[in-house]
Structure formats: structure tokens, C-alpha cells
Amino acid sequence: MSASFALAADPIDPVALVEGVRTDEDGALATFLGTARVVSRGRRVVRLEYEAYEPMVRAEMDRILAETRERFHVGAIRVVHRLGVVPIGEASVGIVVAAPHRADALGACRHVIDRIKERVPIWKKEVFEDGSEWVGEGA
Amino acid sequence: MSASFALAADPIDPVALVEGVRTDEDGALATFLGTARVVSRGRRVVRLEYEAYEPMVRAEMDRILAETRERFHVGAIRVVHRLGVVPIGEASVGIVVAAPHRADALGACRHVIDRIKERVPIWKKEVFEDGSEWVGEGA
Amino acid sequence: MRVRIRLFAGWRDRLGEEEVLLEGLPPDATVESARARLEERCPALRGLPAAVAVNLVQVPPDRPLREGDEVAFLPPVSGG
Amino acid sequence: MRVRIRLFAGWRDRLGEEEVLLEGLPPDATVESARARLEERCPALRGLPAAVAVNLVQVPPDRPLREGDEVAFLPPVSGG
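What follows is the structure in C-alpha cells.
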């Protein structure tokens, strides 16, 4: 029943992400990829740039993964988040959850991405053709 | 904004399943695989066997996919369900949903698998070491 | 009147056939009377739960049948 | 008293540094007084929303500081 988290500078390989997560006890495998969209709040995005407060990210992710295991009956969980430049179309975050049953796999996947968006200290800069903006800063 | 459904005799290739589903308008890609578990209601399963009332499966899936599009703001959806023998560990069903936002991608994925389980005329036989049983028949 | 019956999963196993032509049904035959005819032929079907679809659409048991209908007995589904 | 300040995203861009040592803080200094010192140095930070973590744990603004603390100003997060 492992749970792993990694910060990655390189593209997320969806095959490697899923590899080995499922066991024969699991009847469900849910995968979520958050990907860089070309349009954000009506503006055309050229690329994203992520930065993180790494030691705190790891501490928060440990808490989130432990909490997810308490709430859902799941097998292995794997989470990867990109840092640095993420071109349009590439995944910025990948989450895989194996579970005996579908409601737990999908629910845990949703829980992990919602908590990441809510409280993990990672910041995204949207780079437009004519400038850039840290998302959520309201600048 | 395509929606596709297929019944397949061969293993579901997760790479091919996802291929081409996402566009640059999508910020989220949710994938669900239902896989053959080795244990069911306390008994050891050797393999699964699926059969379907194919023309009605297609009609129901059309309704489910249309209903999913009404409820969720999604891009492309792809669904594949196996027929015939499914060995332990292989996927019996695969669902991929691309959407601008995560709640729609994950919610639509959940909606499609729940509706399949509820009303699509497909039947699963669990084959044990010492017999077999059509699931849900209560025989 | 003649209708085509489709059988699946446990129903097919019990009857030993996946398709049956029921002939000589009275003009006022319903889904229920078709089921009764099948149960005469194969008493093991009695009491088995099944929904019924006529021409690919689920219908209630009192639905009247028409010449050439495809009537499918659908045990509780278990796909996914 | 001396604490280490970590800065991210818009805060780092405005200050031009990702790490600052604040020295000579009074013994009763709090998170809030560290913020005030930073704002003196870089008035563009005034009014910017940020949560604060001390030694990797989020804390309220009145949290007293101790020698050697790592104080991070966390703009609204936007990961995922």
C-alpha cells in the first residue's frame, strides 16, 4: 500500500506513471492528468512556469496522502508534479490511484487533486504573448 | 467534441485508449480502468467472461454519452468494454474523458462508469476454481 | 403471431439457446405471456429476475407484443 | 534575533531575492513584525495576500519568532 510523490523537471510519462500501481487485489485504477491549456481567462497562454517551496510541498503531500488513505479504501497512490517550464499540452500534474472498488479510486483521485489545488505551496505563472502573471495573485 | 464507444475482444491498450482524446483546450484528462480482481466476495477468481446484448449496449451507450455531455462540460469521451474472456489483472472497461476543468473530467468519468454498471446490458461471469456464476443473478 | 426471443447469461445457460422463435402467440399477447410460454418450456426460469426490452427499449411486463418483435430478457446487468 | 525569510512567486519577483536574512529583530518579534520589516525594504509588498509558514507549518500572524526560524510568505497557491 505505497504512496509516492515526486517533483519532476521532465515531462510526465503516463505509461511510467501507471506502471506497477495496480495489483490483482484492485478492481479500479483512476488516473488524473492536469494539463496546460492554451486559453486561460480569455487570454492565449504560451507556456506555464511552476515553482514550489519544496520541503513544505513534501510535508503537505505526506499529510494529504495520509488523509486520503484514511478516507478511502485504496491501494497504491502515485503523484507527480512538474516544476519549471510546462509547454501547452503537457501535463503539469499526474495522479494515479488503485483501489479494490471504483468509488474509492475515483474519489481519492479527486480528493488528492482538490487538496493540491487548495493548500500545496506550488505556484503557477501563466506566460502570455504580451506578459505574464502569477495565478491567484490578482496582480 | 467526439464521443466514441467500442466493444473489444482484445486487451485494452491504455496508451491507444488515451491517444488523441485531449486537445489544447482541455486542462484535465481523467481515465478510469475497471480491472479483473482476483478476489470477489471472498472467493478466488480465475477469470471473467463478459457477454453483451450488443445492439442494445450501443443504444444505451449513446444515451449515456449524450446525457454525460448535457451534465458536464467535456471535450472528447472514449469508452471501451471487453467481451469474452478477461484474465485477472486485465481491464474489462476503459473510460477517458478530456475537459477544460478537472471537476467535469472526473465527474463525467464517474458518471459514465456508474451508468454502465446500472443499465448497460452486459453480463459478467466469474469463473472460480470450482465453478462459475453470473454476477447479480443470485444463483 | 410470432416474436423472436433473445436470451443472455443465466437465462441462456438454462434454456441452452440464445435465440428462440415463439410462434402461435394470441393477438393480445404481452411480454408477460411470452415469459409464461418460455417458463413452460424451461421451468428453471421461474422466479428469475429479468427486465425486458422490446426492440432494444426497456418496457413494462404488460406491454403488448406485435408480429416480429425482438423480445430480450435481461438478467440484472453486471458490466464494467 | 535573526530569521531567514523565504520568498516565492510574486513576492520574490518584487523583492528580487528568494531568500533574505532579517537581523536585529527584537526578542518579541512576530511573523507580523517580520512582514513589516520586509515591507519597509520593499513597499510593493504592501497589501499583497500571503499565508505564512514557520519551519514548514502554517501559523497565524501573531506567532512569535525564535532565533533561526525559517519564515516563508506564501502567496495564494496555484499548483495542479
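Protein chains in written order, with the working numbering: chain A, 1 to 139; chain B, 1001 to 1139; chain C, 2001 to 2080; chain D, 3001 to 3080. Cβ atoms here follow ideal geometry from the backbone N, Cα and C, with glycine treated the same way.
Bounds of the alpha helix (DSSP H) holding Pro1055(B) are Glu1054 to Arg1071. Against chain A, a Cβ distance below 8 Å from Leu3021(D) picks out nothing, because the smallest value is about 17 Å. Across the structure, Glu2067(C) and Val1120(B) are spaced so that their CA atoms are roughly 26 Å apart. Chain order gives the chain B residues near Gly89(A) as Asp1024, where near means a beta carbon separation below 7 Å.
Between Val3031(D) and Val3054(D), the C-beta gap is smaller than 8 Å, which places the two residues in contact. Under the DSSP definition of a beta bridge, Ile12(A) lacks any partner. Excluding its 5 nearest sequence neighbours in each direction, Pro2026(C) has C-beta neighbours in its own chain below 8 Å: Met2001 and Ser2033, listed in chain order. Cα atoms of Phe1005(B) and Val2057(C): separation of roughly 19 Å, rounded to the nearest angstrom. Neighbours of Ile1113(B) in chain C, taken as residues at a C-beta separation under 7 Å, are given in chain order as Gly2080. The C-beta of Val3054(D) comes no closer than 8 Å to any C-beta of chain A. Taking each of Gly136(A), Ile12(A), Gly107(A) and Gly20(A) in turn and checking the Cα distance to Val74(A), the smallest one comes out for Gly107(A).
Here Ser92(A) is buried: its Cβ has 16 or more other Cβ atoms, across all protein chains shown, within 10 Å. Arg1047(B) is the residue among Ala1028(B), Val1018(B), Arg1047(B) and Gly1027(B) whose C-alpha sits nearest the C-alpha of Ser1132(B). Residues of chain C whose Cβ lies closer than 7 Å to the Cβ of Pro1055(B) are, in chain order, Leu2056.
For Val1039(B), the chain A residues whose C-beta falls within less than 7 Å of its own C-beta are Glu25, listed in chain order. Taking C-beta atoms as the reference points, Thr35(A) and Asp1026(B) count as a pair closer than 8 Å.
The shortest CA-to-CA distance from Val135(A) to any of Glu3040(D), Pro3049(D), Glu3018(D) and Arg3035(D) is the one to Pro3049(D). Closest in alpha carbon position to Gly3016(D), among Pro3043(D), Ala3036(D) and Asp3028(D), is Pro3043(D). The C-alpha of Arg2046(C) lies about 22 Å from the C-alpha of Gly2024(C). Counted as a single uninterrupted DSSP element, the stretch harbouring Ala2051(C) is not any alpha helix (DSSP H) but the beta strand (DSSP E) occupying residues Ala2051 to Val2054. Within the same chain, Cβ atoms closer than 7 Å to the Cβ of Ala52(A) are found at Leu7, Leu83, Pro121 and Ile122, the five residues on either side in sequence being excluded. The alpha-carbon of Arg3006(D) is positioned some 12 Å away from that of Met56(A). Not one beta carbon of chain A lies nearer than 8 Å to the beta carbon of Arg3041(D). For the stretch 70-127 of chain A, the full-length beta strand (DSSP E) segments reaching 3 residues or more read 77-82, 84-87 and 91-99 along the chain. A distance below 8 Å separates the beta carbons of Pro2075(C) and Glu1137(B). Judged by DSSP in its simplified three-state form, Ala30(A) adopts strand. Cβ neighbours of Arg3063(D) within its own chain (closer than 8 Å, five residues either side excluded): Thr3030, Val3031, Val3052 and Val3054. Between the alpha carbons of Ala1103(B) and Arg2014(C) lies a gap of roughly 45 Å. The beta carbon of Ile12(A) sits closer than 6 Å to those of Val80, Ala91 and Gly94, all from its chain and outside the five residues before and after it, given in chain order. Annotated three-state conformation of Ser2(A) is coil, per DSSP. Taking every protein chain shown into account, the CB of Ala28(A) has 16 or more other CB atoms within 10 angstroms, so this residue is buried.
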